[in-house]
Structure formats: C-alpha cells, structure tokens
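To start, the structure itself, in structure tokens.
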Amino acid sequence: MDDSARRLLQRIMRRIPAQMLKPTLDKWGRLTAAQRQSMDFTESKWALTEKLLAICEENEMTVKHITELEMIHVIENPDHCMWYALQLMDPEEDVHSVELTQFKEQFKSHLRELIRHVSIKIKKHTDEAVWIRIAWGDSFSRPNHLKPTYVVHHLQTPYVFVTSLTSKLKPLLSQALVLSTRYQAIKDASLSGRKLTAIRDLLMRQYQQVFPTKYPSPLAENDQNASNILINKEQAELAASRHQKACEAFGDGMLPQLQSAVYKLETKFRDHTNKTMTEREEAFRCVVKFASTNLLESLRHCASSGIASTPGTSLLSSIPLKGRNYFVITDNSPGPSSQTRQPSN
Amino acid sequence: MSWNEEAQNVGAPDEPVLSTVSVDLRWDADDRHGRLEGGDERQGNWKAPHAPVCHQELLCGSLTPSRQSVVESDGHGGGQQDGKYHIVYNREVLLVGRVHRDRLLAAAGEDSGVLSLLSLLEVQARSRRTQPQQQSRVKELKAKIEALKVQKQQLEAEIETHQNLQKLRSSLDKQCADEEDVEMEEVSENSQLLRLMARHTQLKDLLHAHHLIGGYDVIKTRQGKGVCVSLATAYEGVYLDTYNLEIDLKPTVKISRHNIPPFIPVNGLAEENDMQVNMRAFLDALSQHLNAFAGRKQQLKLLKEQHKSVEVMESNVLCSILVLMFKVPRAKTAVLCTLDYTDHSRCLPTRVHFECEDKQLSDSDQWKKNHSLLMETPVHKALTAMKNMGDIV
Numbered sequence: 018m019d020d021s022a023r024r025l026l027q028r029i030m031r032r033i034p035a036q037m038l039k040p041t042l043d044k045w046g047r048l049t050a051a052q053r054q055s056m057d058f059t060e061s062k063w064a065l066t067e068k069l070l071a072i073c074e075e076n077e078m079t080v081k082h083i084t085e086l087e088m089i090h091v092i093e094n095p096d097h098c099m100w101y102a103l104q105l106m107d108p109e110e111d112v113h114s115v116e117l118t119q120f121k122e123q124f125k126s127h128l129r130e131l132i133r134h135v136s137i138k139i140k141k142h143t144d145e146a147v148w149i150r151i152a153w154g155d156s157f158s159r160p161n162h163l164k165p166t167y168v169v170h171h172l173q174t175p176y177v178f179v180t181s182l183t184s185k186l187k188p189l190l191s192q193a194l195v196l197s198t199r200y201q202a203i204k205d206a207s208l209s210g211r212k213l214t215a216i217r218d219l220l221m222r223q224y225q226q227v228f229p230t231k232y233p234s235p236l237a238e239n240d241q242n243a244s245n246i247l248i249n250k251e252q253a254e255l256a257a258s259r260h261q262k263a264c265e266a267f268g269d270g271m272l273p274q275l276q277s278a279v280y281k282l283e284t285k286f287r288d289h290t291n292k293t294m295t296e297r298e299e300a301f302r303c304v305v306k307f308a309s310t311n312l313l314e315s316l317r318h319c320a321s322s323g324i325a326s327t328p329g330t331s332l333l334s335s336i337p338l339k340g341r342n343y344f345v346i347t348d349n350s351p352g353p354s355s356q357t358r359q360p361s362n
Numbered sequence: 080m081s082w083n084e085e086a087q088n089v090g091a092p093d094e095p096v097l098s099t100v101s102v103d104l105r106w107d108a109d110d111r112h113g114r115l116e117g118g119d120e121r122q123g124n125w126k127a128p129h130a131p132v133c134h135q136e137l138l139c140g141s142l143t144p145s146r147q148s149v150v151e152s153d154g155h156g157g158g159q160q161d162g163k164y165h166i167v168y169n170r171e172v173l174l175v176g177r178v179h180r181d182r183l184l185a186a187a188g189e190d191s192g193v194l195s196l197l198s199l200l201e202v203q204a205r206s207r208r209t210q211p212q213q214q215s216r217v218k219e220l221k222a223k224i225e226a227l228k229v230q231k232q233q234l235e236a237e238i239e240t241h242q243n244l245q246k247l248r249s250s251l252d253k254q255c256a257d258e259e260d261v262e263m264e265e266v267s268e269n270s271q272l273l274r275l276m277a278r279h280t281q282l283k284d285l286l287h288a289h290h291l292i293g294g295y296d297v298i299k300t301r302q303g304k305g306v307c308v309s310l311a312t313a314y315e316g317v318y319l320d321t322y323n324l325e326i327d328l329k330p331t332v333k334i335s336r337h338n339i340p341p342f343i344p345v346n347g348l349a350e351e352n353d354m355q356v357n358m359r360a361f362l363d364a365l366s367q368h369l370n371a372f373a374g375r376k377q378q379l380k381l382l383k384e385q386h387k388s389v390e391v392m393e394s395n396v397l398c399s400i401l402v403l404m405f406k407v408p409r410a411k412t413a414v415l416c417t418l419d420y421t422d423h424s425r426c427l428p429t430r431v432h433f434e435c436e437d438k439q440l441s442d443s444d445q446w447k448k449n450h451s452l453l454m455e456t457p458v459h460k461a462l463t464a465m466k467n468m469g470d471i472v
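Chains A and B supply the protein sequences, listed in that same order. In this text, residue positions in the first sequence follow the working numbering: the first is 18, and each later residue adds one. In this text, residue positions in the second sequence follow the working numbering: the first is 80, and each later residue adds one.
Here you go:
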C-alpha cells in the first residue's frame, strides 16, 4: 500500500465519527470476519486507524479500495461539505431514454477524453441517485485523491449537485455532464447549502406544497390553555388564514433545511432622510444574508404568526418558488421615481 | 312420403283436409283426455282459438264408446291394435284420429307395406316422446308464472321507491337552491334512508357532471387573475397523488408554480398544446402523462410488494425503464427482462426484451406468449399469470 493510499485512509478515518466507524466498515465489506473481530471499537481513533492500516496492508488494498470506503461514508453523510446545484438546459430529443449503463459509459469516456489522468467511480444509490466521485490529476501527475469532487445526479431530472469544484475544472465537468445526459447546456442554479437533502428536496419539490383550495383542511387546534377563549375565537379565523397563506408561500409540514439566503443588492440608495446617499448616481452595493438553522421554517413562522404581513414579499417567497438562495437585485427601470425592484435572473 | 303428407292425403277428396294447425300454448292441457273426450263439446279448458278438428270425427263420424280404451297410449307399435289417439304438443299439432289401420293403409297408396308401417311407427314414437314432455312442460310453465309474479312484485316495489326518491330528490335540489332548512315530514327509518339515497344520487350526478367537464378542480385565485388547477391521478380504482398548477391569467397566461416533479415536461406540454389558446388540451395532455406516470409507479410498487422473488435490477424516477431478473424453476438459468416505456403517456411498455443464456428458452413458444403478456397486461398482473403457469418462480 503506497503512501497516498495510507494518507487517504488516515484522512478518512479522521472524518468518520467514532460511532459510525463500525457500520461503515461493515458496509464496506472488505475486511474478513477475523479482521473485523480483531478491531476493538472501544479504543481510541488513533489506535483504530493504526490497526486498520495494518489490516489493509495485509489485504494488499490499493487506493481504489480505500476510495470505496470514502464514498460509502460520503453517501451516508453528505452534509459535511458545501454542495452547489447546477441545472441542465435545453434537452435533446432522446433525453428521456438515457439509462444508467449508457450514462456511465458516456460520462467516463467523455471525461477521460478531456483530461487524461482522472479517476472516476460511479455508484447508484437506492433512491435512484447516481453518485460520481472524481479525483483529478493533470497531464503530468496522478489523480489527487485527497481532494475529490462528488457529483450527484438523478437521471431524467435536469439537476446536478456538485461539491468542491475549482473554477478551472468546472468547464470540463460541465462538458462531460452535458454530453452524457443529452442536454445542450448547463448553468448555475444559484442554490447552495451544506445539506444535500435540503437543496435536493427544494429543487425537486419533495416537500409538501400547499395550493389554494376551495376546502382547506381544518387546522389542528392550538393548545387550549390560552387564557382568553374569546380572544381565541376572534383571532382563530385570522390566524387560520394567515397560516394558510404562509403555507402557500413556503410549504407545509417539514421544510427543506436551508441554512442561508443571500441577496446581493445593486440598487440605488433610497432614503428620503439621507439626501447625500440618495443623490449618488451609482448603485449602492450591499449584500444581505439571512442565516438560520432552518431558514424556510423561520420565514414561514414569521408569516403565520403575523410578525410579517401576508402576502409576504415576493423576494422571500422566491426562495422556494424558484428554488434558489442567491439573488442579485437590480433596478430594472431607470430613474429614481420607480419603486419596483425585481430579482434579476 | 312423409307422415304430414299422408295425413293430408287421408280421407276422401271431398272430406275436409286435416292440416297441421298451430296451437296456442296457453292451453291448460294437463289432461290429454280432456281434449278428446269432448268430442263435439269443447271442454272448458280448451281455450284454443282454432280448435283442431278431431280427425276421428272426420273419418268416423261420431265417437264410439270404445274410444275410452284407446285414449291411453300403450307405447307399442301399431301392430294389430287399432289406431290410438295421440296428441303431439309442438308448434304444429298432428291429430291422428282413430283410423282403421286398413283404411290408413288403403289411403297410404299403392305401396302399402313396410314404408307406411314404418312411418306409422315413427309417428307413434314421436308422440310418445312428447308426452312426458307435456307434463314437465306444464310444470315448467307454472313455475315460470310464479317467478314472473314475484318479479312483478319486486319491480312494483322498486318503482314506488324510485318515485319517492325522485320526489325527495327534487325537494333536495330545491332546498339546495333556496337554502331552506331541512324539514322532516316523517321521522321514520324509511324516510331517513330515502333521504340518504336521494343525497347519494345527487352526489353521483354531480360527480358524473364533473367528470364530463374534464374532471379538474379549478378555483380562482388572486382575485380572479389566476386559477389553481388540481389534477388527480388514479390507477386501478385507487386514488394516488394529486398535483396542482397555479396559472396566471392576466396579463398573460403562464404557469406561476406547480408541484409536478421535474421529469414530467410541463413546459414542453404547454408549448406543444399551446396553453394560451387551448387550456383544456394542455390539461388533458398533462393529466394523461401524470396518470400514466402514477400508473407505472404504482405497478412498480405492487410488483415489489407482491413478487419478492423477482429482483428489480434497474428502475428510474420516471419509471420509464424496468429491468427484472426472473428465475426459471426447472432450468438453472435466469432470464433478464427489460421493459421500455418509451411512450410516457401510457402505462404499458412499448418494448419487452428477454435475455437468457439458454437461447432456446427465449425463443420457445411459452416465452413468446409471456412476451405478449407483458406487452398487454400491467406488469404485476402479468407476473402473477406467469407464476401460475409455472414459467417463473
């Protein structure tokens, strides 16, 4: 086992939390029963790492096998790195007939054409997601397994999620993806976050959306230990309608756990009390960032509890509507008299 | 010469010719005797409009007292006995009067001999066969009368209920229009049941009307500037997911949001069917795609539940491709079956392909039948049939 494999294994062991170690190794399945028995999971991580290194030496494992372990861990816990969403555009005629083996072959051959030294591993997860691990090298050096890129794609959908991709390598990956999925172009979907499940659910609309209906379902009763029944009676209808509107804007039930939204403003400064700033011609650039453990939930709560007026501003409800969390806002119409602000695409 | 012709030819040219007469079956003819014993006097139960003329009268003038002895058939051939009275209950009634055999034979013509005797015997046999039929036929008809009477009573009761229902229904419809309070005329179980039934028919009619106009729930939003359309999907009588579309009508007709999964080409269908002009065509096409998708998804789910021995090697989110692994019971080989659903508006595959190491297996007649089975029936049902035929485990 060479040096790079050793370092890779050490890195992986550092990343995997102690309690996940045993199940991950079992899933990997490359250790014999005796070897598994010999690993004592009560020891310290460092000791376990040494033990595992010894076992891997014994089994003569190569980098290829170690990367399997890493991939298993990342698929189970995809939330430790930043994911960026990309959207494929302009489908070709036969986009719906792309099936797994065809996609795998095409992707590998296209990427290998573009860059000689690259290590690609493709695996299909049970939820129909195709996971790709890419270790990049260049014309002179071997693939660097310490900085792999992970790509997740659901066939027949136009969305691709990637981690840690440098700007130099992005065009190569984009081209390989476009050619193998039978689309014509790919663009940035302006959605990023740490939780892959959150951004995927947001884009693929896997949360419970609420639409205007003639007979909205009756809302669950709030706890009855509120003091004044008469106040409740007065406010119940209003509260119900607020809740309905909030759910229509953001969704019902468990919402995808988006953690931030960024608005980049390139609009002119508008404040009557501050003449000096308003008189400036050029745009007032600023960035507004909303952060929360569960941003959509908090926005919905703002609307349903009455803190924010409903219907809410379209800037905030665009997050789930358009499935993005990075917006650039500019003044579309010229002149200071215009009050409209439109999110630009 | 057939017997019919003989009957017609019997008798002197100036005697009235007996012909076969069609008889009304409403006779209460359980007593053969009655027909004959009347002779001239018609029996009361002989209601036939055209009473067949007794041949005997024609030929022998009057009934002799000795006719009693001959009314019963003795089941034997003509032989030395005198002619018998037989009544044949068919559409045509052949009355064979009491005729002297000699007379018959004489009338039969020159070749009086075997042939004519044989025909006589034939007629006797025929009439004998029909006698027990007469009894059972009579019983049959009586039973039928009873059954028809019962049915008539049932129908009358149904008509009455239906009339009450109509009355209630019209009052219900009026109530709904006027929004008056419900007034119970009689508080009895019967009337409550009738009210429920009336309401049920009202709802059924409403559902039918809804179905006729396309079956989409549409409500107005944004103070009339938009609509929200609900598309329901169902497969094999089970309702599945409902999808919604919010469409802006002013200033332009466009879709503002929806919860349709991204692999259904909503925008593509909108363009194809020119949503601006022909909303209904677009909704119909979209509903067809969604229902087909729901159907395929449901088939896959049922397949996984019902056929755990069949391994699903590949599927995708759109459920447009399915690769299954079958185990053939006697052989050691496995069969890989690929189902392509390239037409996304249908629940059935467009192509079925088998792959097997044993080439003969996939070319055999049995598997050709399985091929057409998989092309024409939903996959979970096809697999059940294949299991029953013993083709797969």
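For every residue, glycine included, the Cβ atom is placed at its ideal position computed from N, Cα and C.
For residue i, the three-state DSSP class (helix, strand or coil)
| i | result |
| --- | --- |
| residue 339 of chain B | coil |
| residue 309 of chain B | strand |
| residue 150 of chain A | strand |
| residue 393 of chain B | strand |
| residue 25 of chain A | helix |
| residue 107 of chain A | strand |
| residue 277 of chain A | strand |
| residue 370 of chain A | Absent from the structure is residue 370 of chain A, since the part of chain A shown begins at 18 and ends at 362. |
| residue 327 of chain B | strand |
| residue 269 of chain A | strand |
| residue 127 of chain B | Residue placement at residue 127 of chain B is poorly supported in this model, since its pLDDT is 41, which falls under 50; the coordinates still yield a value, given next. Correct three-state label for residue 127 of chain B: coil. |
| residue 217 of chain B | helix |
Neighbouring residues, chain B, relative to residue i (Cβ below 8 angstroms)
| i | result |
| --- | --- |
| residue 116 of chain A | 393, 395, 400 |
| residue 124 of chain A | Per Cβ cutoff of 8 angstroms: no residues; residue 124 of chain A is ~16 angstroms from chain B at best. |
| residue 175 of chain A | 341 |
Which residues DSSP lists as bridging residue i, in chain order
| i | result |
| --- | --- |
| residue 323 of chain A | Residue 323 of chain A is not bridged to any residue. |
| residue 353 of chain B | Answer is none; residue 353 of chain B lacks a bridge partner. |
| residue 301 of chain A | A:284 |
| residue 208 of chain B | Its beta-bridge partners do not exist; DSSP assigns none. |
| residue 209 of chain A | A:101 |
| residue 70 of chain A | Answer by DSSP bridge pairing: none, since residue 70 of chain A is not bridged. |
| residue 141 of chain A | A:147 |
| residue 333 of chain B | B:327 |
| residue 435 of chain B | B:414 |
| residue 404 of chain B | B:390, B:415 |
Interface residues of chain B facing residue i [CB-CB closer than 9 angstroms]
| i | result |
| --- | --- |
| residue 145 of chain A | 394, 395, 396 |
With 16 other Cβ atoms within 10 Å as the buried cut-off, status of residue i
| i | result |
| --- | --- |
| residue 219 of chain B | exposed |
| residue 176 of chain A | buried |
| residue 370 of chain B | buried |
| residue 430 of chain B | exposed |
| residue 63 of chain A | exposed |
| residue 262 of chain A | buried |
| residue 79 of chain A | exposed |
| residue 120 of chain A | buried |
| residue 409 of chain B | exposed |
| residue 171 of chain B | In this prediction, residue 171 of chain B scores a pLDDT of 41, lower than 50, which makes its location untrustworthy; no coordinate-derived value is stated. |
| residue 50 of chain A | exposed |
Where residue i meets chain A, residues with beta-carbon distance less than 8 angstroms
| i | result |
| --- | --- |
| residue 323 of chain B | 226, 228 |
| residue 338 of chain B | 222, 226, 228 |
| residue 426 of chain B | Going along chain A, no residue has its Cβ under 8 angstroms from residue 426 of chain B, so there is no contact; the nearest lies around 16 angstroms. |
| residue 307 of chain B | 228, 229, 230 |
Proximal residues of chain A, C-beta to C-beta of residue i below 9 angstroms
| i | result |
| --- | --- |
| residue 352 of chain B | Per Cβ cutoff of 9 angstroms: no residues; residue 352 of chain B is ~18 angstroms from chain A at best. |
| residue 416 of chain B | Residues of chain A passing the Cβ test: none, with the nearest at roughly 15 angstroms. |
| residue 423 of chain B | 113 |
| residue 331 of chain B | Simply none; closest approach about 16 angstroms. |
Listed by chain order, chain B residues near residue i by CB distance under 7 angstroms
| i | result |
| --- | --- |
| residue 131 of chain A | By Cβ distance, chain B contributes nothing, its closest Cβ being about 26 angstroms from residue 131 of chain A, past 7 angstroms. |
| residue 171 of chain A | 396 |
| residue 338 of chain A | 336 |
Review point. Using 8 angstroms as the threshold, is the region 113-131 of chain A in touch with the region 193-200 of chain A, meaning 3 or more CB pairs across them?
Key: yes
Exercise for review: Could you tell me whether the region 113-127 of chain A touches the region 204-221 of chain A, using the rule of 3 or more Cβ pairs below 8 angstroms?
Suggested key: no
Check your understanding: Do the region 290-298 of chain A and the region 328-335 of chain A make contact, defined as three or more Cβ pairs closer than 8 angstroms?
Key -> no
Check your understanding: Given 8 angstroms as the limit, is there contact between the region 326-339 of chain B and the region 391-398 of chain B, that is, 3 or more CB pairs closer than that?
Key -> no
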